[in-house]
Each structure stands twice: as C-alpha cells, then as structure tokens.
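S.K.: Quick note on numbering: the sequence shown equals residues 3 to 212 in this note's numbering. First the structure, which I've put down as structure tokens, then a few questions once you've had a look.
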Amino acid sequence: MPKSRRKISAVLNDFQAEIYRLEIFDAKNQRSFSKSSEAFTLHQLHFLTESIFFRAFRAYESFVRDIFLLYCLEKKPSSGRRVVSFITPQSFQHAEELIQSSMRYLDWTSPDTIIKRAEVFLKDGFPIKLPYSTHRNSLLDLKRIRNHLAHDSKESFDGYNRVLINHYGALPLRIPLPGAFLLETDTIDPTKYKLQVYFELFRRLSDDLT
C-alpha cells in the first residue's frame, strides 16, 4: 500500500536508496555470471535484469506520485522556490482523491499525461513540467520497455520495437528480449550498458524534480 508522505527530501532519499540497492544487485549478478556461467545461465541473467528494471520503474512511479501530491500541497523543492497549486487539498491522500476524481486510476507512467497533469494542477507546471519535457523521449522508452514486460501484447510489442529502432537505427532481424537489450552497450556512452544508463536517468531526473 502506498505511503502517506510529508517531505520531498524523504521521498527522494528513499527512491535513490532503492536505485542504489538495485545497482548493487545488478553488479553482483554481472560479476557472478562473468566468473562462472555455472552460477546461472544467460537466460537467467536476462530474467534477473528484467526484474531489476521493472522494480526500478515501479519505484520511480511511486516517487513521481509522491512528489506530485506533495507539490499539490505546495511543499517546496530544494531550490526553495514557491510551488503554486490550483487545488487546496486538506491532506496528502485528499490531494490524490481530488486529482483522481472520477477516474478509475491515475497513470504515473506516461510522460505526456504527467506533463498535462502538471499544467492543470500546478502553476506553469512547476516543478514537474520542465524536467519531464526535457527527458520526454527517454521516459517514453522506459515506459515502452515497462509495458512490454508487464503486458507482452501486440501494442506493447510495437512500442518495444520503437525502443529498438531508437537504439539501433533500424529494427534488428532478431528481436532481443528486454533483458538482453538492457545489457546492450549504450550508443552514446559505450562504457555503460542500457540498464546502467537508465539508472543514471532515474537518479538525474529525481534530482531535477526535487
């Protein structure tokens, strides 16, 4: 069950601590596989990598939800700049109820949805809109990978293929499983693989949002 939060700094610290734990777990898996393939198979490594990514994305969803609701309560980011909310909730949970209204659930995975939500509920979308707009394309890729892991539908497969095209420049003849793709060398920073780049994105974006 989601926590009821009071401080932006606590949300940030909890999220970044979770990302750090997942980075350590991933590094341990990589070392174990490199030392001996008997520890687990490549397929198992891919499965573990997918699980780590999914856990990181889920933690990020919770992080975004928490800070958004706190900003609707006009909590200030680390810059000290005032946040102006267009609603007047009485509590953290009340803020979520006001935003959700008659909707069945609130989507915290779509960058476009969150940008629009920031425009509706926060003056100038501050401090959510700018970081989200800056990283929109990368966030879309993260969402597409997450959706393919969660649903494995035709729609999610098409979205995942778009991630592959963004990475390779064209759709490869053999479509890698998400776990294999997450271990592909990054085209911009060849010293890292995709999962490591996504870890850095999560950390950088969480700093920018708070």
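C-beta atoms are modelled at their ideal positions from N, C-alpha and C, and glycine is treated no differently. These numbers come from a predicted model, not from an experiment.
Cα separation between residue 155 and residue 36?
M.R.: Against the sequence shown, residue 155 aligns to sequence position 153. Against the sequence shown, residue 36 aligns to sequence position 34. Approximately 33 Å, taken between the alpha carbons.
S.K.: What are the partner residues of residue 195, as DSSP defines its beta bridges?
M.R.: In the sequence shown, residue 195 corresponds to position 193, counting from 1. Residue 195 is bridged to 187.
S.K.: Looking at the structure shown, is residue 124 part of a helix, part of a strand, or coil, going by DSSP?
M.R.: Within the sequence shown, the letter at position 122 stands for residue 124. DSSP places residue 124 within a strand segment (E or B) once states are collapsed to three.
S.K.: Considering only the alpha carbon of each residue, which of 179, 137, 68, 101 lies closest to residue 91?
M.R.: The sequence position of residue 91 within the sequence shown is 89, counting from 1. Nearest of 179, 137, 68, 101 to residue 91, Cα basis: 101.
S.K.: Cα separation between residue 48 and residue 83?
M.R.: In the sequence shown, the residue the question calls residue 48 occupies position 46. In the sequence shown, the residue the question calls residue 83 occupies position 81. Note on geometry: alpha-carbon atoms of residue 48 and residue 83 lie some 43 Å from one another.
S.K.: Enumerate in chain order the residues of its own chain whose CB-to-CB distance from residue 187 is below 7 Å, with the five nearest sequence positions on each side excluded.
M.R.: Within the sequence shown, numbered from 1, the residue matching residue 187 stands at position 185. Hits under 7 Å: 195.
S.K.: Count the other CB atoms within 10 Å of the CB of residue 145; is the residue buried (16 or more) or exposed (fewer)?
M.R.: If you number the sequence shown from 1, residue 145 lands on position 143. Buried, because 16 or more other Cβ atoms sit within 10 Å of the Cβ of residue 145.
S.K.: Would the region 66 to 79 count as touching the region 124 to 132 if we require 3 or more Cβ pairs under 8 Å?
M.R.: yes
S.K.: Write down every uninterrupted run of the beta strand (DSSP E) in the region 85 to 123 whose length is 3 residues or greater and which is fully enclosed by it, in chain order.
M.R.: none
S.K.: Please classify residue 99 as buried or exposed, where buried requires at least 16 other C-beta atoms within 10 Å of its C-beta.
M.R.: In the sequence shown, residue 99 corresponds to position 97, counting from 1. Classification of residue 99: exposed, given that the 10 Å Cβ count is below 16.
S.K.: Roughly how far, in whole angstroms, is the beta-carbon of residue 117 from the beta-carbon of residue 104, given that I think they are within contact range, below 8 Å?
M.R.: Taking the sequence shown and counting its residues from 1, the one referred to as residue 117 is at position 115. Taking the sequence shown and counting its residues from 1, the one referred to as residue 104 is at position 102. Contact doesn't hold; Cβ gap of about 21 Å is too wide.
S.K.: Please work out which residues of its chain come closer than 8 Å, Cβ to Cβ, to residue 58, disregarding the five sequence neighbours upstream and downstream, and give them in chain order.
M.R.: The residue labelled residue 58 in the question sits at position 56 within the sequence shown. Cβ neighbours of residue 58 beyond the five flanking positions: 20, 21, 24, 200, 201, 204.
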